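Residue numbers (my numbering), protein chains in the order written: chain A, 114 to 393; chain B, -15 to 29.
Heads up, the beta-carbon is just placed ideally off N, CA and C, and yes, glycines get one too.
All of these numbers come straight from a predicted model, not from anything done at the bench.
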Amino acid sequence: MNRKLVQYISALLSNANLNGFLSGRIYQGASKHVCVPGLNCYSCPAAIGACPLGSLQTILASSQYTISYYVTGTLLLFGVFMGRFICGWLCPFGLIQELLNKLPSLTLIIPRWAGYIKYLILIIFVLLLPVFFVNSLGMGDPSFCKYICPAGTLEGGIPLLASHQDLRDAAGSLFLIKLLILIMVVIFSVISFRPFCKIICPLGAIYGLFNPISMYRFQVDPVKCIGCGTCAQNCKMGVAMYKEPDSWECIRCGDCRTGCPAGAITTTFQIGNEPIKNTN
Amino acid sequence: MNKKRLRIILLAGGTVLIILGSALDEAASVYAKAARICLECIGIG
Chain A
114 MNRKLVQYIS ALLSNANLNG FLSGRIYQGA SKHVCVPGLN CYSCPAAIGA CPLGSLQTIL
174 ASSQYTISYY VTGTLLLFGV FMGRFICGWL CPFGLIQELL NKLPSLTLII PRWAGYIKYL
234 ILIIFVLLLP VFFVNSLGMG DPSFCKYICP AGTLEGGIPL LASHQDLRDA AGSLFLIKLL
294 ILIMVVIFSV ISFRPFCKII CPLGAIYGLF NPISMYRFQV DPVKCIGCGT CAQNCKMGVA
354 MYKEPDSWEC IRCGDCRTGC PAGAITTTFQ IGNEPIKNTN
Chain B
-15 MNKKRLRIIL LAGGTVLIIL GSALDEAASV YAKAARICLE CIGIG
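Okay, here's the thing in structure tokens:
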């Protein structure tokens, strides 16, 4: 299956209200009760679903709830079914970074340890600050959305500010900071593969935890594998598939599979120990 | 715990959480946020 085609279709399905870019209005259909699997700002005028990360913070920041059953359940189902396959195949912001990375440039290798930063961001900005950093009414902020998320700036902020004079008037230093973060992500996306996914994205951090147990997984046949390391050389996420097929960093893009000279890497979609579907 | 059992528990747990959250009107809260311009998301504050 052509991954790029699936990425385009997924981005289009998540943002099917293209007329919103012209009208500058947010889609208000019933589908916005439901979270899409990838990082996609619900304030994007084209978005027809809810961002799971924004929804999680919104519920946690509310004085009405202490835990988000609905979004947690949604993330559990997405994670158990697909793990970080969502990042590699379905996330619109991942697609944007990959397209930027097509531009000719120098190459920057991101060190492996930097991948742990996104777990700190998940804990601090998504889980702790919205719950404990509250106002007198007991309401917090969706802190990751407010202070960091470049997807919100790109997909929601820029189109909405372009079409609303009142929003342009209201934009201040916070918007400039978020715009600067977006510019940094764009620059680093040109010189490195998916830097936001590797270092920052809390949603990728959550889905990564499911990689070892998700129903869709990669398997390495120890009989066929010759240990040549070609999979590790081909992996733009820095994963040595032949050593760690369940790595938290693997986005299941499949570059390792197509490059394996021994055909040792297969995909499975299974609930039990026996593969019920093999796409290789 | 084997992975098959863990997956089944998590899938069942996820489904129960979605139903519970819906019963507590969380889906309506998600909609209320998603159907209006989120000022935090776009960098206004």
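Query	Result
A:Cys341 - DSSP class collapsed to helix/strand/coil	coil
CB contact check: A:Ala163 to chain B, cutoff 8 angstroms	yes
Cβ of A:Ser123 within 8 angstroms of any chain B Cβ	no
Contacting residues, own chain, Cβ-Cβ under 7 angstroms from A:Gly142 (five flanking each side not counted)	Ile161
Contacting residues, own chain, Cβ-Cβ under 8 angstroms from A:Phe245 (five flanking each side not counted)	Gly253
When A:Cys154, A:Leu188, A:Pro150 are compared against A:Phe257, the one with the closest alpha-carbon	A:Cys154
Identity of the residue in A:Phe301, A:Ser276, A:Gly265, A:Gln170 nearest A:Leu287 by Cα	A:Gly265
Between the CA atoms of A:Tyr229 and A:Gly270 - distance to the nearest angstrom	28 angstroms
Same chain only: Cβ atoms within 7 angstroms of A:Ser144, ignoring 5 sequence neighbours per side	Ile161, Gly162
Reduced DSSP category for A:Thr392 - H, G, I as helix; E, B as strand; rest coil	Note that A:Thr392 scores a pLDDT of 48, beneath 50, so its modelled location is shaky; the value from the coordinates is reported in the next line. A:Thr392: coil per DSSP, three-state reduction.
Candidates A:Val247, A:Ile313, A:Lys349: closest to A:Tyr178 by CA position	A:Val247
Nearest neighbour of A:Asn128, chosen from A:Asn115, A:Ile294, A:Lys117, A:Ser156 [CA to CA]	A:Ser156
8 angstroms Cβ cutoff, A:Asp359 in contact with chain B	no
Proximity test, Cβ basis, 8 angstroms: A:Met328 and chain B	yes
For A:Thr379: DSSP bridge partner residues	A:Gln332
Which of helix, strand or coil DSSP assigns to A:Ala353	coil
Residue of A:Ile180, A:Arg307, A:Glu357 minimising C-alpha distance to A:Ile222	A:Arg307
CB contact below 8 angstroms: A:Pro255 versus chain B	yes
Contact between the region 277 to 286 of chain A and the region 190 to 201 of chain A (3+ Cβ pairs under 8 angstroms)	no
Any C-beta of chain B under 8 angstroms from that of A:Ile389	Reliability of the predicted coordinates at A:Ile389 is poor, the pLDDT of 43 falling under 50, and the value obtained from them is presented with this limitation in mind. It does not: the Cβ of A:Ile389 has no partner Cβ on chain B nearer than 8 angstroms.
Partners in chain B for A:Leu213, counting only beta-carbon separations shorter than 8 angstroms	Chain B residues near A:Leu213: none, gap ~20 angstroms exceeds 8 angstroms.
Reference A:Asn115; option with closest CA among A:Trp361, A:Ile326, A:Trp202, A:Tyr260	A:Trp202
Contact check, A:Thr371 vs A:Arg330, beta carbons under 8 angstroms	no
C-alpha distance - A:Thr394 paired with A:Gly167, whole-angstrom precision	Because residue 394 of chain A is not part of the residues shown, which for chain A are 114 to 393, the question remains open.
Rounded straight-line distance, which links the Cα of A:Ile304 to that of B:Glu4	Per the sequence shown, residue 4 of chain B should be read as Leu rather than Glu. Cα to Cα, the separation comes out at about 45 angstroms.
B:Glu24: first and last residue of the uninterrupted alpha helix (DSSP H) it sits in	23 to 26
Length of the line joining the Cα atoms of A:Tyr355 and A:Pro374	12 angstroms
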